[in-house]
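Chains as they are written, first to last, in this note's numbering: chain V, 58 to 394; chain H, 21 to 525.
Report on one structure; see the data block that follows.
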């Protein structure tokens with residue numbers, strides 16, 4: 058073996074100088090968040106008040122679950138546009154099944170206690186169908202989920218008659234309203250799920266396989282990863298998270314509008330990309346995605362506190378997304394593909 | 021190259037394929053092919069594109085089930101196809117195409133999907149990776165993302181990963197195609213020393229020199245059949261080429277019958293003081309009409325950058341390029357095409373072809389104005405040009421409307437060549453025009469280049485393949501971005517290689 062070792066000591070190229078930037082890139086948006094904090098304070102000192110910060114966190118908690126779901130799908134190298142419709146349809150179906158016919162549409166087939174399980178089940182079923190079409194039948198994921206987005210939105214409009222479900226059972230409202238240990242339950246749920254997802258994607262074989270599948274599916278397959286199963290599981294998980302997010306919003310507003318989640322997917326994609334998740338798959342972290350959505354909501358809050366008229370918020374939101382993209386491009390130093 | 025003692029004592033097959041048949045639809049990919057790889061051998065597998073080498077590799081690695089026949093490892097029959105782990109313990113293949121995941125670290129790539137139970141301990145994973153790479157003397161930072169590895173390092177990491185699965189039989193699929201001369205030598209040194217420690221290789225290559233340099237045994241395949249297996253020292257190069265092509269032809273010197281270009285004529289291409297900071301500097305050369313000038317150099321010598329600057333793929337910082345007295349706008353491909361440059365870019369997959377488009381469309385991409393007026397494209401005219409290209413370059417295809425993605429590598433490269441010639445260029449710039457193509461396609465491609473020169477074009481042949489450079493009237497050698505030598509036709513192989521590697525004067 059000694060001989061072998063010496064023989065093996067062939068001249069190799071110099072070691073790659075690898076700056077440990079991988080972890081720093083996760084924190085790319087943290088300086089931006091701090092700057093917004095300072096700017097917000099200068100605009101209106103109320104911004105940094107505890108109540109206002111809790112308010113921001115709660116407002117973003119529902120959509121942040123969509124961001125979490127989309128980030129997982131994006132890391133796998135896929136896209137799921139239908140999440141925003143799932144966000145509305147899942148609690149919508151639950152409300153429709155438990156409400157008595159009357160002022161709002163409803164069939165009252167189930168008692169109120171069923172509302173949460175039904176919401177989550179609808180999410181799981183939608184994810185399963187997405188998986189069936191994309192993974193099993195090999196249809197194009199972008200178009201499949203675009204079709205699903207339209208179908209699911211149409212279903213919600215159909216069962217609700219285009220109206221808003223209200224007068225919901227208490228179990229449905231609980232999660233979006235409850236306060237646990239001084240913080241709204243939805244903030245806890247959001248933070249716990251993010252922490253769990255960070256741990257899973259960073260420290261488990263399943264989580265790492267998402268990156269492998271998104272980075273190079275052939276190599277992942279060659280390494281013995283069941284690529285199809287990973288994709289399908291992720292799609293199901295993502296839709297379930299979207300359903301849960303919808304449930305939290307339903308609880309906070311005590312209603313399900315036919316338009317719940319409509320158009321949210323653009324913000325969701327923007328947050329994920331700003332947070333460093335690549336649209337080409339295999340790159341980005343869950344923590345980054347969280348900082349992305351947090352940054353967007355903090356900026357919106359600052360604008361509101363600055364007294365910007367509501368009619369202008371839409372244009373500003375779009376502008377903010379573009380500026381945030383530019384900032385994250387500069388701070389991370391990497392091309393966004 | 022002596023046979024190792026262990027193999028001489030009792031050579032048993034580390035892997036064997038018996039009478040394998042495989043069809044894909046109507047295509048016969050393997051016809052009664054047998055292959056026996058003895059323990060401790062470096063076994064070469066050669067054959068032209070489409071000879072069935074890749075299918076045989078797929079069968080040997082358990083990715084494809086043969087229609088009939090059997091595979092054995094160490095005298096025992098192969099595990100079921102579904103048991104990937106068992107296959108990985110017996111055989112591994114390092115493909116030309118990377119099988120690492122670029123965004124993940126080297127350590128994670130090494131232990132992908134076997135990071136251990138429960139939560140991953142990154143510290144322990146990195147330690148294991150470091151130990152593994154140290155065992156096999158691979159000097160790579162385990163924390164670097166795999167995207168940052170050079171081709172050479174990537175191959176070494178893949179070899180180490182294969183060995184860590186317990187496999188002592190490694191298939192190398194054209195490992196030298198993307199390496200420069202020194203890296204190839206280092207790879208061969210490593211193959212020799214790994215062989216000493218009991219690793220068996222199946223080595224696939226287009227370069228017959230490499231077979232003679234590093235291999236003990238060679239198996240030739242042709243037209244989906246096994247042609248011969250022979251110890252390398254007992255087989256002459258001419259016989260090997262005959263076995264591969266099925267005809268008694270060697271690599272003819274394609275430049276021999278070309279008239280020497282008249283001196284003092286106006287130059288087709290004049291390059292003066294061309295430079296891209298940090299890549300190459302002060303490169304001056306000229307090519308006369310009818311002349312073939314070689315530009316040689318190792319990977320990293322800047323020769324490709326010179327070519328790309330001439331054709332407008334890259335913008336040179338200094339210097340000028342003149343084509344027949346006209347200077348095109350630097351850094352603009354359309355401008356270069358307009359003044360009469362035709363070129364074959366270095367990577368046909370990236371810059372050469374649009375895989376989904378047909379042969380005719382690809383071959384005429386550069387000349388839409390010849391297909392019709394006012395921006396409309398005449399499909400009949402296009403197909404005529406496609407048919408002409410297929411005939412001129414001997415492209416094996418069903419017809420001009422066949423998508424190029426369905427062609428073999430050599431035929432794809434011929435389409436790229438056809439595209440380069442489509443505007444009847446005054447200057448033809450060829451960058452690695454025969455990379456990854458077989459002997460026969462190489463002859464056609466070089467013959468076409470020579471024909472273009474006879475037709476009056478000035479040809480700049482940028483390559484480090486000696487076969488490409490042989491037809492050249494003279495060869496300019498670039499080393500680390502500077503011209504270091506110019507050699508007239510009839511140069512000595514060793515002298516040229518020494519100049520390319522920066523050895524000697």
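The C-beta atom is built at its ideal place from N, Cα and C for all residues, glycine as well.
Every value quoted in this text rests on a predicted model; they were computed, and no experiment measured them.
- In the three-state reduction of the DSSP assignment, residue 400(H) falls in the helix class.
- Taking one beta carbon from each stretch, the region 363 to 382 of chain H and the region 424 to 444 of chain H have 3 or more pairs nearer than 8 angstroms; the two touch.
- Each of 347(V), 182(V), 194(V) was checked against the Cα of residue 250(V), and the nearest Cα belongs to 347(V).
- Nearest CB-CB separation between residue 122(H) and chain V: below the 7 angstroms threshold.
- Chain-order list of chain V residues neighbouring residue 135(H): 262, 265, by C-beta distance under 7 angstroms.
- In the DSSP assignment, residue 179(H) falls outside any beta strand (DSSP E) and within the unbroken alpha helix (DSSP H) covering 171 to 184.
- The beta carbon of residue 284(V) is closer than 6 angstroms to those of 270, 274, 277, 278 in its chain, skipping five residues each way along the sequence.
- Under the DSSP assignment, residue 88(V) falls in the alpha helix (DSSP H) whose first and last residues are 87 to 100.
- The C-alpha of residue 248(H) is placed about 24 angstroms away from the C-alpha of residue 97(H).
- Here residue 450(H) is buried, its C-beta having at least 16 other C-beta atoms within 10 Å.
- When rounded, the separation of the alpha-carbon atoms in residue 53(H) and residue 484(H) is 34 angstroms.
- Check the Cα spacing between residue 473(H) and each of 357(H), 303(H), 337(H), 362(H): the tightest is with 362(H).
- Residue 38(H) carries a strand assignment under DSSP once its states are collapsed to helix, strand and coil.
- From the beta-carbon of residue 105(H), the residues of chain V found nearer than 7 angstroms are 281.
- DSSP places residue 104(V) in no alpha helix (DSSP H); its state is neither H nor E.
- Look at residue 119(H): its C-beta is under 7 angstroms from a C-beta on chain V.
- Residue 312(V) is bridged by DSSP to 223(V).
- Looking only at 133(V), 112(V), 101(V), 110(V), the smallest Cα-Cα distance to residue 343(V) is reached by 133(V).
- Selection 241(H), 386(H), 346(H) evaluated against residue 73(H) yields 241(H) as nearest (Cα-Cα).
- As computed with DSSP, residue 364(H) is found in a beta bridge with 450(H).
- At a Cβ-Cβ threshold of 7 angstroms, residue 496(H) and residue 327(H) do not count as neighbours.
- Ranked by Cα distance from residue 513(H), the first of 128(H), 387(H), 229(H) is 229(H).
- With fewer than three CB-CB distances shorter than 8 angstroms, the region 371 to 381 of chain H does not count as touching the region 464 to 478 of chain H.
- Chain order gives the chain H residues near residue 273(V) as 118, 119, 120, 121, 122, where near means a beta carbon separation below 8 angstroms.
- Checking the DSSP bridge columns, you'll see residue 342(H) partnered with 290(H).
- Under the three-state reduction of DSSP, residue 444(H) is assigned to coil, being neither helix nor strand.
- For the region 333 to 366 of chain V, the beta-carbon criterion of a distance under 7 angstroms to any beta-carbon of chain H is satisfied by 339, 340.
- Listed in chain order, the non-local C-beta contacts of residue 397(H) below 8 angstroms within the same chain comprise 388, 391, local neighbours out to five positions each way being set aside.
- Per the DSSP secondary-structure output, residue 481(H) pairs in a beta bridge with 314(H), 450(H).
- About 16 angstroms separates the beta carbons of residue 119(V) and residue 329(V), which is beyond the 8 angstroms limit, so they are not a contact pair.
- With fewer than 16 neighbouring CB atoms inside 10 Å of its own CB, residue 254(H) falls in the exposed class.
- Closer than 7 angstroms to the CB of residue 139(H) there is at least one CB belonging to chain V.
- For residue 132(H), the closest Cβ of chain V is nearer than 7 angstroms.
- The continuous alpha helix (DSSP H) containing residue 210(V) extends over residues 198 to 217.
- In the DSSP annotation of this structure, the continuous segment of the beta strand (DSSP E) that includes residue 504(H) starts and ends at 502 to 508.
- Within 10 angstroms of the beta-carbon of residue 369(V) lie fewer than 16 other beta-carbons, which makes it exposed.
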